[in-house]
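Chemist: One structure, as structure tokens, below. Some questions next.
Residue numbers (the working numbering): 1430 to 1625.
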């Protein structure tokens, strides 16, 4: 396969994955557990990161973050717009980068393990940077929310009130779907290489 056709294939796949990210995140606004929508959009981010590396992961994570900015940040924007933009844009973009790095580090040992670890890394980075952003930019408000929800400890509230349930639901679903999709893509890629 020529370099031009491979680049065309990559651009096509990335275009499709970008569209999937936009549609999945826009639809996710209707799927809520607690305060926030369920982010199943990690799946196409992991797939892109596994197929095309950290730039693809960063791009897809950025697109995810961009859509989140317009669909799911109202409460935070009202408190601190700059903090919201920084937190949201970094968490998604770096989740895609993390997925790519972890996948590349493990793919030669075991593709399935690499995919599971990449999906888990994306989830952890996404949630960890959200929690860090909450602590840096929104702590006084988070303390009020925690007290209003009956939590004496703001850290417990951050983990169990804001992100815990989402993380527990999103993580296994994203891992399962990512491993299936990346495995199928690896089979297709191997067949394509064998024909070349």
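Yeah, the Cβ is synthetic: ideal placement off N, Cα and C, and Gly gets one too.
#1: Measuring only the C-alpha atoms, how far is residue 1561 from residue 1576?
#2: Check residue 1440 in the structure and name its three-state DSSP category.
#3: Which whole-angstrom value is the C-beta distance of residue 1479 and residue 1611, which I expect to be below 8 Å?
#4: Given residue 1570, which residues of its chain have a CB within under 8 Å of its CB, disregarding the five upstream and five downstream residues?
#5: Go to residue 1521, then tell me how far its alpha helix (DSSP H) extends in each direction, as first and last residue.
#6: Classify residue 1502 as helix, strand or coil using the three-state DSSP reduction.
#7: In this structure, how does DSSP classify residue 1431 when only helix, strand and coil are distinguished?
#8: Near residue 1439, what residues of its chain come up, given a Cβ to Cβ distance below 7 Å and the 5 sequence neighbours on each side ignored?
#9: Can you grab the Cα-Cα spacing for the pair residue 1603 / residue 1434, in whole Å?
#10: Could you compute how far the alpha carbon of residue 1431 sits from the alpha carbon of residue 1453?
#11: Tell me which residues share the same chain as residue 1592 and place their Cβ nearer than 6 Å to its Cβ, disregarding the 5 neighbours each side in the sequence.
#12: In this structure, how does DSSP classify residue 1484 when only helix, strand and coil are distinguished?
#13: Looking only at its own chain, which residues have a Cβ that is under 6 Å from the Cβ of residue 1497, when we skip the five neighbours before and after it?
#14: Helix, strand or coil for residue 1451 per DSSP?
#15: Beta carbon of residue 1525, beta carbon of residue 1487: below 8 Å?
Modeler: This is what the structure gives:
#1: 19 Å
#2: helix
#3: 5 Å
#4: 1508
#5: 1510-1535
#6: coil
#7: coil
#8: 1481
#9: 30 Å
#10: 33 Å
#11: 1556
#12: helix
#13: 1517
#14: helix
#15: yes
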